[in-house]
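The sequence shown begins at 1374 in this note's numbering and counts up by one. Note that CB positions come from ideal geometry on N, CA and C, so glycine has one too. Bear in mind the structure is a predicted one, so any value in this text is a computation, not a measurement. First comes the structure, then the notes that go with it.
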Amino acid sequence: GQPDSAVAGLGSFPVQRALGIANAVVADLLENKNKNLDEVHVQLLSASILKVRKFEESSKNDWSSVLQGLIRYVLVEFLDVQRCQWASSVLERFFLDETTCDIACAALLRKTEGSQK
């Protein structure tokens, strides 16, 4: 395998490891009832979601629940000038990957419909 190249920032990050990190962030946000992302959350999500080269079909449902857990937090970041580009990059990862583009659309639609009530 190539675990060394992934650690060094070369090559793609192992999907399962990225998923574990992203799930831990979602769990922490829910457990602490955060209103928005802390810097540590942004760093961890950057080191996981943004490092995955391609989402695997086998982990599609897992990424779906990560995105559902994160979507409102990521959308809030668009209001922050410093994090707007970061939020855009995170959503782009899901929208531009053929495995997750449909769940990204569904998560975004659910979020905007729910916020109009």
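Original post:
In this structure, does DSSP put Val1388 in helix, strand or coil?
Top reply: Numbered from its first residue, the sequence shown carries residue 1388 at position 15. In the structure shown, Val1388 sits in a helix (DSSP, three-state: H, G or I).
**OP:** Please report how far the alpha carbon of Phe1467 lies from the alpha carbon of Ser1438, in whole angstroms.
**Re:** For this step, residue 1467 is matched to residue 94 along the sequence shown. For this step, residue 1438 is matched to residue 65 along the sequence shown. C-alpha separation (whole angstroms): 12 Å.
Original post:
For the candidate residues Leu1482, Thr1473, Leu1481 and Ala1477, whose alpha-carbon lies nearest to that of Lys1331?
Top reply: Because the chain is modelled from 1374 through 1490, residue 1331 falls outside the range shown and cannot be assessed.
Original post:
Mapping DSSP to helix, strand and coil, what is Val1463?
Top reply: Start at 1 with the first residue of the sequence shown, and residue 1463 comes out as number 90. The answer is helix: DSSP assigns Val1463 an H, G or I state.
Original post:
Going by C-alpha distance, which of Gly1393, Glu1412 and Asn1407 is nearest Ile1422?
Top reply: Within the sequence shown, numbered from 1, the residue matching residue 1422 stands at position 49. Comparing Cα-Cα distances from Ile1422 to each of Gly1393, Glu1412 and Asn1407, the minimum goes to Gly1393.
Subject >> Contact under 8 Å by Cβ, Glu1465 with Trp1459 >> reply: Taking the sequence shown and counting its residues from 1, the one referred to as residue 1465 is at position 92. Taking the sequence shown and counting its residues from 1, the one referred to as residue 1459 is at position 86. Result no, Cβ atoms of Glu1465 and Trp1459 do not sit closer than 8 Å.
Original post:
So what does DSSP say about Phe1468, is it helix, strand or coil?
Top reply: What you label residue 1468 is simply residue 95 of the sequence shown in a count that begins at 1. Helix at Phe1468.
Subject >> Ala1479, buried or exposed, once every other Cβ within 10 Å from all chains shown has been counted against 16 >> reply: As a first step, residue 1479 is located in the sequence shown; it is residue number 106 there, counting from the start. Label assigned to Ala1479: exposed.
Original post:
Where do the N-terminal and C-terminal ends of the alpha helix (DSSP H) with Asn1434 fall, by residue?
Top reply: Against the sequence shown, residue 1434 aligns to sequence position 61. Per DSSP, Asn1434 belongs to the alpha helix (DSSP H) from Lys1433 to Glu1450.
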